[in-house]
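**Q**
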Amino acid sequence: MYSAFLYHSQAMVPQDRDRSIYTMARAFNGPLGISGTLHRQGGTFTQYVEGPTEAVELVKANILQDSRHRNIRVVCDGPVDTRYFDGWAMGYTTEQTCCWDSWAKSAGAPSDITLAPAKRLVEFLHYAHLINLPAHHVRDVQPGMRGRLKRLLPRISGGIAHQR
Ligand SMILES: Cc1cc2nc3c(=O)[nH]c(=O)nc-3n(C[C@H](O)[C@H](O)[C@H](O)COP(=O)(O)O)c2cc1C
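To get this note's numbering, take the position in the sequence shown, counting from 1, and add 294.
1. Runs of 3 residues minimum, wholly inside the region 297-341: which ones carry the beta strand (DSSP E) assignment?
2. Output yes or no for whether 9 Å exceeds the beta carbon distance between Met295 and Thr347.
3. Quick check on DSSP: helix, strand or coil for Val374?
4. Is any non-hydrogen atom of ligand 1 found closer than 8 Å to the C-beta of Leu332, if you look at the structure I gave you?
5. Contact check, Thr408 vs Thr338 under 8 Å by CB: the rounded distance?
6. Expressed to the nearest angstrom, what Euclidean distance is found between the alpha-carbon atoms of Glu417 and Arg364?
7. Output yes or no for whether 9 Å exceeds the beta carbon distance between Leu424 and His333.
8. Given that a residue counts as buried once 16 or more other Cβ atoms are within 10 Å of its Cβ, and exposed if not, what is Gly402?
9. For chain D, check one thing: does any of its Cβ atoms lie closer than 9 Å to the Cβ of His333?
10. For ligand 1, is there any heavy atom lying closer than 8 Å to the beta carbon of Phe339?
11. Rounded to whole angstroms, how far is the Cβ of Leu352 from the Cβ of Leu326, which I believe are closer than 8 Å?
12. Identify, in the order they occur along the chain, each residue of the same chain with its Cβ nearer than 7 Å to the Cβ of Gln309, setting aside the five sequence neighbours on each side.
13. Looking only at its chain, what residues have a beta carbon closer than 8 Å to the beta carbon of Arg367, apart from the 5 residues adjacent to it on each side?
14. How is Thr391 classed by DSSP in three states: helix, strand or coil?
15. Spatial neighbours of Cys370 within its chain, please: CB distance less than 6 Å, with the 5 preceding and 5 following residues excluded, ordered by chain position.
16. Taking a contact to mean a Cβ-Cβ separation below 9 Å, would you say Thr331 touches Ala422 in this structure?
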């Protein structure tokens with residue numbers, strides 16, 4: 295059975311320390327069959343974790359006990375039947391690569407990311423993840439996603455951001 299966990303938290307470390315968070319997360323998540331993405335919007339982390347229920351529970355425990363963030367607000371936590379980030383142990387995006395404010399404006403979503411409904415958050419995280427994929431990964435994406443990328447990419451000025 296598959297589960298997903300989506301939350302916001304308040305970052306207690308500056309953005310230049312995020313690399314150590316997502317590098318560690320990727321190393322831990324990969325072997326567990328976990329996929330997902332982490333987005334930093336200013337001082338707020340928004341993270342989506344998906345995978346086998348037992349593995350999600352393990353990762354959740356890791357996340358909840360980490361002092362590099364606090365004030366964790368769970369948006370959803372439970373069974374799901376779709377994987378959105380298959381093959382990605384943990385993506386990472388920031389407001390510099392894909393900004394919630396401008397996406398929310400065009401999508402009619404709340405301007406405060408922490409007030410957005412889960413569905414809009416997952417749409418945004420998925421979109422941010424796709425436009426952030428380095429070009430050499432775009433070649434490898436599954437056929438279904440390729441069509442989606444084609445539609446999305448022309449909307450991004452400056453092409454694909456390479457920051458990971
Ligand atoms: C924003 C954020 C995201 C994290 N995401 C993950 C994750 O996806 N998987 C995971 O196993 N741990 C995650 N963690 C936890 C840590 O990366 C770390 O691996 C874990 O707390 C163990 O660290 P320690 O042994 O130094 O205490 C996250 C922590 C933070 C602050």
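Every residue gets a Cβ at the ideal spot worked out from N, C-alpha and C, and that includes glycine. Owing to the predicted nature of the structure, the values given are computational and were not obtained by experimental measurement.
**A** Quick answer:
1. 329-335
2. Here the question's residue 295 lines up with position 1 in the sequence shown. Here the question's residue 347 lines up with position 53 in the sequence shown. Contact flag set, yes.
3. By one-based count along the sequence shown, residue 374 stands at place 80. Three-state DSSP puts Val374 in coil, outside helix and strand.
4. For the purposes of this step, residue 332 is taken as the residue at position 38 of the sequence shown. Yes, Cβ of Leu332 sits closer than 8 Å to a heavy atom of ligand 1.
5. Here the question's residue 408 lines up with position 114 in the sequence shown. Here the question's residue 338 lines up with position 44 in the sequence shown. Yes, they are in contact, since the Cβ atoms of Thr408 and Thr338 sit about 6 Å apart, within 8 Å.
6. As a working mapping, residue 417 is identified with position 123 in the sequence shown. As a working mapping, residue 364 is identified with position 70 in the sequence shown. For Glu417 and Arg364, the distance between alpha carbons rounds to 24 Å.
7. Here residue 424 refers to the residue found at position 130 when the sequence shown is read from its first residue. Here residue 333 refers to the residue found at position 39 when the sequence shown is read from its first residue. No. Outside cutoff.
8. Walking along the sequence shown from the start, residue 402 turns up at place 108. Classification of Gly402: exposed, given that the 10 Å Cβ count is below 16.
9. Absence of chain D from the displayed structure is noted, only one protein chain being present.
10. Working through the sequence shown from its first residue, we reach residue 339 at position 45. Yes, the Cβ of Phe339 comes within 8 Å of a heavy atom of ligand 1.
11. To locate residue 352, count along the sequence shown from 1; it is residue 58. To locate residue 326, count along the sequence shown from 1; it is residue 32. That belief holds up - the Cβ atoms of Leu352 and Leu326 are roughly 7 Å apart, short of 8 Å.
12. As a position in the sequence shown, residue 309 is number 15, starting the count at 1. So the list reads Arg334, Thr388, once near-sequence residues are dropped.
13. The sequence position of residue 367 within the sequence shown is 73, counting from 1. So the list reads Tyr301, His302, Ser303, Thr408, once near-sequence residues are dropped.
14. Here residue 391 refers to the residue found at position 97 of the sequence shown. Looking at Thr391 - three-state DSSP - the assignment turns out to be coil, as it is neither helix nor strand.
15. Taking the first residue of the sequence shown as position 1, residue 370 is located at position 76. Counting only Cβ-Cβ distances below 6 Å, and skipping sequence neighbours, we find Leu300, Ala412.
16. In the sequence shown, residue 331 corresponds to position 37, counting from 1. In the sequence shown, residue 422 corresponds to position 128, counting from 1. Against a cut-off of 9 Å, the Cβ pair of Ala422 and Thr331 comes out as a contact.
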